[in-house]
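Take a look at the structure below.
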Amino acid sequence: MTKDEFERFLRETLAHQADLAPRPDRVLAGFACRRARPVQRWLPLVAAVAAVVVLALLVTAPTWTGSQPVPPAHQAPASTEVGWADPQWLPEGMAEVDRSQRVDRAVVTRVWRRGPDSPTAPRISLVISREGAPNVLPERHRTVQSTLVDGVFVEHITGEDTPVEAIRWHGSGQPVYHLLGVGLDKPLATLLKVYRGLRYGPQPELSAASPIGTLPDEYVLETRGVRGSVPDAVEPYVVARLFGSDALEVERRRSPAFTDGVELGLSGRYRAHTAGEHTVEEVSLPVPVGYVYVRYETDLGPLGQERLFQVAMCAEIRGREPRPWIGN
Amino acid sequence: MAFEEFLAERLAPLLRYATTLTCDPHQAQDIVQDVLLRAQQRWTEIARLDLPSAYVKRMVTNEFLSWRRRRWTRDVSVPHGVMVDLVAASADPTTAVDDRAVLLAGIARLPRKQRAAIVLRYYDNRTDAEIADELRCSEGTVRSHISRAVDRLRADLAAGACREEVR
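Chains as they are written, first to last, in the numbering used here: chain A, 101 to 428; chain B, 1006 to 1172.
Below you can see the structure in the form of C-alpha cells.
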C-alpha cells in the first residue's frame, strides 16, 4: 500500500468511525438531565467512591452466605427500567433517608444514613442506572481491584481526593449497580456485605408531587424528570423535578417556602429574582395537605406568574409512603 | 446564535468528531455533554466569537486530552496482539474490512496527542499550523506526532496482513 493509498484508507476509516457516533437526541436528553440536576450538599462526598478489596473481604468475612446477588434473567427489567434492590443487611443505626427515580425509570438512587445530616455522617448510597446515565463516581477515582464474587465481576473503586469508596457491578439486563460509602468503619467489608444481601425486584412507582393537566409544551415530563420521596423529620416533602429546556421543580411541603412576594389567588404567593444570569421564579400555594412549591429557573425569559401559578394548580398531591422503609 | 440553535446545527458534527477522537461512542457522549454543560454556562461570551463552533470543538479536543487522564480507570488495556486477534476474529470476511478493523484498533492504541493529530489531519483536514494551534504545540511537533502515528499504523496493518498469511 503506497503512502497515498494508506492516507486515503485512513480517511475512510475515520469517517467510518464517525458514523458510530451516538444519536444527538439521546445526547440532548442526557445533557438536559445533567444540566438541571440539583446539587446536593453531600454529593461531593458521596460522589467520591468507596471500594472493596474483594479478596480481602472474602477472607475477613467467611460467614457470609452464598446468596445470588444478581437478579435472575427473568427479572431483568424491560425497556428503560433498571429494577430495584432492597438490602437485607445494613450497618447498625442506618436508616433510609432518600430514594428517587427518574421518570423513565432508567436511574434509581437510594441513600441510607446514620445520625443527622452532615457531610461526615456515615452514609451508603445505591445507584442503579444504565450505561450513559449521569456519572455517579467522583471525577478523580481509581479502580483498586476487580475480581469475581459469586460469579459476578465486581470492581472496587476509590476516590482519589475524596473519602469515598465504592463497588460497581453489572446485573442482568445490563443495569449498572454502584454502592457508595462515606464515613464507614471497614468500608470495603461493609459494602460487600450490603452487596451480598441485596434482594432484587421490580421498581415501584414512588410518590411525588406530579403536575398534570396543561403544561408548557416544551416540557417532556415522561423522560427527563426525577421524582422521589425525601423524608426529613423537620420538613418532610416530596419532590418532582421536571426538565425541559429549563429546570422546573415541584415540591410538596409542610410549611410555605416563602411568605414575601406578590399575592396570588387562593392565598398563593409568587416571587421572582435573579441568580447570576438566571431568573428564578417561585410559587407557593396552600393545599389541603400542606403547600405546593414550584420553582422555575431559566436563563432565557421568565415564565410569568400566571403560567407558574397554573402549574402549581395542576399539581397532584399524593400521600407520602410510610417510613422508615427499611429496618436493620 | 442561541445555544439551542447551536445544538441543532452543530451537535451531530461534534459527536462525530468526538467519536473519532475517543474511538468510543460512550466516551464521546460523556465528553460532549461535559463540554456542552460548560459552554452553555458561558454561551453569551462564546456566541460573540467569530466562530463559536470552532471554539466548542476546541473545548472537545481539550476535554479529550484531559479527560482520559482523569478517567483512565474506564479504559481497559488489552495487549497489542490480543487486540489484533480479537478484532480480526470478529471482523467482516473481506480484506478491506479486516484492514479497517485493524486500523481502528491501532488508532485506539495511539497516545492521545498522536491520535488527536491524526484525527485533526485526516478527519478534519486541518493544516499543520491549525493542528499546532489546537494542540498548543509547535508545527514540528505536529509533524512528528503524525509521522510516528502513521508509521505505527502502517506497521499494525502490515502485522495484520502477516497474521492472515500465517492462517
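Heads up, the beta-carbon is just placed ideally off N, CA and C, and yes, glycines get one too.
Which whole-angstrom value describes the C-beta separation of D1156 (chain B) and L1108 (chain B), a residue pair presumed to lie in contact below a C-beta threshold of 8 Å?
Here the question's residue 1156 (chain B) lines up with position 151 in the second sequence. Here the question's residue 1108 (chain B) lines up with position 103 in the second sequence. That pair is no contact at about 13 Å.
Does any CB atom of chain A fall closer than 8 Å to the CB of R1105 (chain B)?
Counting from one through the second sequence, the residue named residue 1105 (chain B) turns up at place 100. Taking Cβ atoms only, chain A reaches closer than 8 Å to R1105 (chain B), which makes this a yes.
With 16 as the cutoff for other CB atoms within 10 Å, does H1150 (chain B) come out buried or exposed?
The count along the second sequence starts at 1 and reaches residue 1150 (chain B) at position 145. With 16 or more other Cβ atoms within 10 Å, it is buried.
Is C1028 (chain B) close to chain A? Criterion is C-beta to C-beta, closer than 8 Å.
Sequence index remark: in the second sequence, residue 1028 (chain B) carries index 23 (1-based). Contacts with chain A at 8 Å (Cβ-Cβ) include C1028 (chain B).
Distance, Cα to Cα, R230 (chain A) vs A1121 (chain B)?
Numbered from its first residue, the first sequence carries residue 230 (chain A) at position 130. Numbered from its first residue, the second sequence carries residue 1121 (chain B) at position 116. Cα to Cα, the separation comes out at about 29 Å.
Do V282 (chain A) and L223 (chain A) come within 8 Å of each other at the CB atom, strictly closer than that value?
One-based indexing of the first sequence puts residue 223 (chain A) at position 123. One-based indexing of the first sequence puts residue 282 (chain A) at position 182. Here the sequence assigns Arg to residue 223 (chain A), which means Leu is not the residue at that position. Yes. Within cutoff.
Can you give me the C-alpha to C-alpha distance between I1051 (chain B) and L1016 (chain B), rounded to a whole angstrom?
For the purposes of this step, residue 1051 (chain B) is taken as residue 46 along the second sequence, with counting starting at 1. For the purposes of this step, residue 1016 (chain B) is taken as residue 11 along the second sequence, with counting starting at 1. Computed Cα separation, rounded: 15 Å.
Since F253 (chain A) sits in a beta bridge, which residues does DSSP pair it with?
For the purposes of this step, residue 253 (chain A) is taken as residue 153 along the first sequence, with counting starting at 1. Paired residue(s): A:L248.
Does the beta-carbon of M1006 (chain B) have 16 or more other beta-carbons within 10 angstroms, so that it is buried, or is it exposed?
Mapped onto the second sequence, residue 1006 (chain B) falls at position 1. Under this definition M1006 (chain B) is an exposed residue.
Please confirm whether P191 (chain A) has its beta-carbon closer than 8 Å to some beta-carbon of chain B.
As a working note, residue 191 (chain A) is residue 91 in the first sequence. Chain B, which has no Cβ nearer than 8 Å to the Cβ of P191 (chain A), makes this no.
Pull out every residue of the region 1033-1050 of chain B whose Cβ sits closer than 9 Å to any Cβ of chain A, in chain order.
A1033, Q1034, D1035, V1037, Q1038, D1039, L1041, L1042, Q1045, Q1046, W1048, T1049
So, R213 (chain A) versus A195 (chain A), is the Cβ gap smaller than 8 Å?
Residue mapping note: residue 213 (chain A) aligns to position 113 of the first sequence, counting from 1. Residue mapping note: residue 195 (chain A) aligns to position 95 of the first sequence, counting from 1. Yes. Within cutoff.
What's the C-alpha gap between E1068 (chain B) and R1117 (chain B)?
For the purposes of this step, residue 1068 (chain B) is identified with residue 63 of the second sequence, where counting begins at 1. For the purposes of this step, residue 1117 (chain B) is identified with residue 112 of the second sequence, where counting begins at 1. One C-alpha to the other measures close to 11 Å.
Could you check where the beta strand (DSSP E) with V182 (chain A) kicks off and where it finishes?
Translated into positions along the first sequence, residue 182 (chain A) becomes position 82. Careful: V182 (chain A) lies outside any beta strand (DSSP E) and carries neither H nor E.
Kindly list the residues whose CB is nearer than 6 Å to the CB of A1023 (chain B), restricted to its own chain and excluding five residues on each side of it in sequence; keep chain order.
Here residue 1023 (chain B) is taken as the residue at index 18 of the second sequence, counted from 1. A1033, I1036, V1037, V1065, listed in sequence order.
Can you give the Cα-Cα distance for V387 (chain A) and Q410 (chain A), rounded to whole angstroms?
Residue 387 (chain A) sits at position 287 when you count from the first residue of the first sequence. Residue 410 (chain A) sits at position 310 when you count from the first residue of the first sequence. The C-alpha of Q410 (chain A) is placed about 14 Å away from the C-alpha of V387 (chain A).
Where do the ends of the alpha helix (DSSP H) carrying R240 (chain A) lie?
Position 140 of the first sequence, counted from the start, is the residue given in the question as residue 240 (chain A). Counting along the chain, R240 (chain A) falls outside any alpha helix (DSSP H), and DSSP gives it neither H nor E.
Whose Cβ in chain C lies nearer than 8 Å to the Cβ of R111 (chain A)?
Among the protein chains of the structure shown, namely A and B, there is no chain C.
Between the Cα of T243 (chain A) and those of A:H270, A:Q117, A:T258, spot the shortest distance and give me the residue it belongs to.
What you label residue 243 (chain A) is simply residue 143 of the first sequence in a count that begins at 1. The shortest Cα separation from T243 (chain A) among A:H270, A:Q117, A:T258 belongs to A:T258.
Judging by CA-CA distance, which residue of A:T374, A:V392, A:A375, A:A221 is the nearest neighbour of F358 (chain A)?
For the purposes of this step, residue 358 (chain A) is taken as the residue at position 258 of the first sequence. Of all alpha-carbon atoms in A:T374, A:V392, A:A375, A:A221, the one lying nearest the alpha-carbon of F358 (chain A) is that of A:V392.
Just to confirm the assignment, what range does the beta strand (DSSP E) spanning A195 (chain A) have?
Counting from 1 along the first sequence, the entry for residue 195 (chain A) is found at position 95. Looking at the DSSP string, the run of the beta strand (DSSP E) that includes A195 (chain A) is 195-202.
Could you work out which residue in A:E406, A:K286, A:G365, A:T398 is closest to E349 (chain A) when comparing CA atoms only?
Counting from one through the first sequence, the residue named residue 349 (chain A) turns up at place 249. Here the closest residue by C-alpha is A:T398.
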